[in-house]
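A short worksheet on the structure shown next.
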Amino acid sequence: MAMLIPTVLAVCLGLLVYALARLRFARMTQYAHLPGPATSLLWGHIRLMVQLLRPDPSKHFQYAIHDLIKRQPDTTGLMLLDLRPAFYPIAVIYSHDLAEQISRATPQFKYSVPKAPLQDMIGHVIGRDSFLVSNGEAWRDTRRMFNAAFAPSHLASFFPSILEKVQTFLRALDGHANSGDEFNLGERCTLLTFDVIGQVILNIDLHTQGEESEQHEVVRCFLELLADLPWLPQVQWLLSPRKYRRRMKITAAIETSLRSIIQEKFDKLREKPEPSVSDQSVLSLALQGVDSLTPQTIQTTIDSIRTFLFAGYDTASVLLQWALYELSRTPRALAALRTELDDILGPTADPAPTAAAIIADAAKLNQMVYLTAVIKETLRLHPPAGTSRFVAPGSNFTLQTPDGPLAVDGAILYQNHFSIHRDPTVYDAAEVWVPERWLQGSGEGFAPGAWRPFERGPRACIGQELAMLEARLVLAMAVRRYDFVKVGLGAADGGAGAGRVDGHGQYVSAEALYDTFNMSAKPVDGTRMRVRFHEE
């Protein structure tokens, strides 16, 4: 026995030396060619990120990353964050040129650099077969299935039904204007955008903006799922078994309900191959080319609908919240937008005639150049999310930077839209909301890839036209009818209309409104507002 002790100690010492050598290689050598903050042998950049996030854990991590980027002395447009073993090493992309190299189709990557393997992190919401996380031919086939339904010409057929949902939204705002109460604009926008998605994707009235008892089961379950998202979904079964079982039960209910909807629409199409005039939904058009509902087809379709529900409600809701807030704190922009809408739609702000004017001549929306500038600038300064790509080790993929080629195999390529959109070499006053920069002649010098809230290339967001359309319709209907007044974070000192205005024409706030992270970037307080009827 005594003779075994030296042997055991020698083996342990050898293993320790080997482990330290591997650790040193991983921390100090493997990605030493990539620029980034000084790294710790033991912690990598984990301790650094904890220190940056600790002062206000509610803040989205994008603020900490952006602050780090601004400290970077180099001009490569890429920064390494080594978060192992908690996560993959991350190459944060903050150059639009590098982002373009990643998002475009190439001989090596037919549909652009593949999406990162993050199914365990977001699959519990959108499904593991979602086209948002799939790659290669599986992604192509699913995308092709839905492409035609999202064409602008087809989306125009939804104007009346979308405007009907918007008018329900306005009636809720009327109630708040009459009572003068403080309310959560984020909740109102979320209910509206869910209603619109239900109509466009499923041709079903989800009754999201009605009483909870009237809401469709899919909505009730989805909202419950989103209300309690785990930080570490891949290990929730271990950390919180009760919540995990509850989440699985909710997910099963969503899938059962969607499976029934899919089967019903498929059966109707078999009876009558062309979708009826009353049902031009995305789902009906997608099922036209389906010969049989195999288990895989059903699951892929379910996960696609779950993706549309999540991405569709989330992007539009966040966009509306930030747009209405930025307009409320920028009197110059609000006045310019109201003037444009008066000129195009007529002087009345009443919902019914405004909606009728848009339905009678949908081309009016294309005339609203200042409204489009407001939306583009809001998406520039407040993008809902970035995108993550991944190149497997051994792929020999390199990014061409001003300092030469950089190999990035094995690292998550996080395209940080927040920082790309705030590049001071592209945008003057990059941290300030200035819609005028998008008016004719003003933005002609911008590189196309410097604005990418919906991403670019083959994997650009399929629903971007719907999100833009929805935002145009809501803002066109709402901004002349109401004055929005922020409460709490981001409120104007002295109140809107009486507060101080800074050099950019915006009301000064004691505390800035900011985003938190909840699957995407969202205003931290739900955009607490009061609203009143606008008086000339």
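Numbering-wise, the sequence shown is residues 284 to 819 according to the numbering used here.
For each residue, glycine too, the CB sits at the ideal point set by N, CA and C.
beta-carbon residue i near the ligand COA non-hydrogen atom, thresh 7 Å
i             : result
aspartate 412 : Within the structure as shown, the ligand COA is missing, as the structure has no ligands at all.
For residue i, the three-state DSSP class (helix, strand or coil)
i                 : result
phenylalanine 767 : strand
serine 440        : helix
isoleucine 695    : strand
methionine 812    : strand
serine 792        : strand
threonine 684     : strand
arginine 672      : strand
valine 717        : coil
isoleucine 487    : coil
asparagine 418    : coil
glycine 327       : strand
proline 634       : helix
threonine 590     : helix
threonine 799     : strand
leucine 364       : strand
leucine 654       : helix
alanine 645       : coil
serine 567        : helix
leucine 772       : coil
leucine 722       : coil
lysine 398        : strand
phenylalanine 392 : coil
phenylalanine 729 : coil
asparagine 846    : What is shown of the chain runs 284 to 819, which leaves residue 846 out entirely.
isoleucine 376    : strand
Beta-carbon gap between residue i and residue j smaller than 8 Å
i                 : j              : result
leucine 317       : alanine 374    : yes
arginine 739      : serine 386     : yes
isoleucine 484    : leucine 602    : no
leucine 568       : alanine 431    : yes
arginine 815      : alanine 632    : no
threonine 234     : leucine 415    : In the structure as shown, the chain begins at 284 and stops at 819. Residue 234 is therefore absent and cannot be evaluated.
tyrosine 608      : threonine 810  : yes
glutamine 747     : glutamine 384  : no
phenylalanine 442 : isoleucine 703 : no
phenylalanine 466 : methionine 760 : no
leucine 468       : proline 634    : no
alanine 690       : threonine 681  : yes
valine 762        : leucine 617    : yes
phenylalanine 505 : isoleucine 745 : no
glycine 327       : arginine 310   : yes
Contacts around residue i, its chain only, beta-carbon distance under 6 Å, and the 5 residues preceding and following it disregarded
i             : result
threonine 358 : Pro685
threonine 584 : Ile545
glycine 319   : Met362, Leu363
alanine 638   : Leu446
glutamine 482 : Ser444
valine 715    : His787
threonine 476 : Tyr596, Ala599, Ser600
glutamate 500 : Ser540
valine 449    : Leu756, Val757, Met760
Rounded distance between the beta-carbons of residue j and residue i, thought under 8 Å
i                 : j              : result
aspartate 776     : alanine 793    : 6 Å
serine 600        : threonine 473  : 5 Å
threonine 534     : histidine 407  : 7 Å
alanine 804       : glutamine 345  : 7 Å
isoleucine 537    : methionine 802 : Contact doesn't hold; Cβ gap of about 16 Å is too wide.
leucine 401       : serine 678     : No, leucine 401 and serine 678 are not in contact; Cβ-Cβ is about 18 Å, not under 8 Å.
phenylalanine 737 : alanine 743    : 6 Å
leucine 756       : leucine 438    : About 11 Å separates the two Cβ atoms, so there is no contact after all.
aspartate 586     : isoleucine 409 : 6 Å
Own chain, CB closer than 8 Å to residue i, minus 5 neighbours either side, in chain order
i              : result
alanine 606    : Val657, Ile658, Thr661, Ala754, Leu758
isoleucine 627 : Lys647, Gln650, Met651
alanine 388    : Tyr394, Ser395, Gly740, Pro741
lysine 342     : Leu336, Tyr797, Asp798, Thr799, Val807
threonine 795  : The residue you asked about is not threonine; residue 795 is alanine in the sequence shown. Around alanine 795: Leu772, Gly773.
alanine 460    : Tyr765, Val814, Arg815, Phe816
proline 334    : Note that residue 334 is glutamine in the sequence shown here, rather than proline. Nothing meets the Cβ criterion.
glutamine 723  : Val652
glutamate 495  : Arg503
Residues near residue i in its chain [Cβ-Cβ closer than 7 Å; skip 5 each side]
i              : result
alanine 455    : Arg471, Gln492
alanine 619    : Tyr653
proline 289    : none
isoleucine 581 : Arg542, Ile545
glutamate 497  : His490
methionine 751 : Ile658
Neighbour flag for residue i against chain D, beta carbons, 8 Å
i           : result
proline 320 : In summary, chain D is missing from the structure at hand, where a single protein chain is found.
If contact is defined by three or more beta carbon pairs under 8 Å, each pair taking one atom from either stretch, is the segment 571-588 in contact with the segment 639-650? Between the segment 639-650 and the segment 571-588, the count of C-beta pairs closer than 8 Å stays below three; the two stretches do not touch.
Worksheet item: Does the segment 661-674 come close enough to the segment 611-628 to have 3 or more Cβ pairs within less than 8 Å?
Response: no
Notebook entry, point to check: Touch check for the segment 692-704 and the segment 382-401: three-plus C-beta pairs under 8 Å?
Noted result: yes
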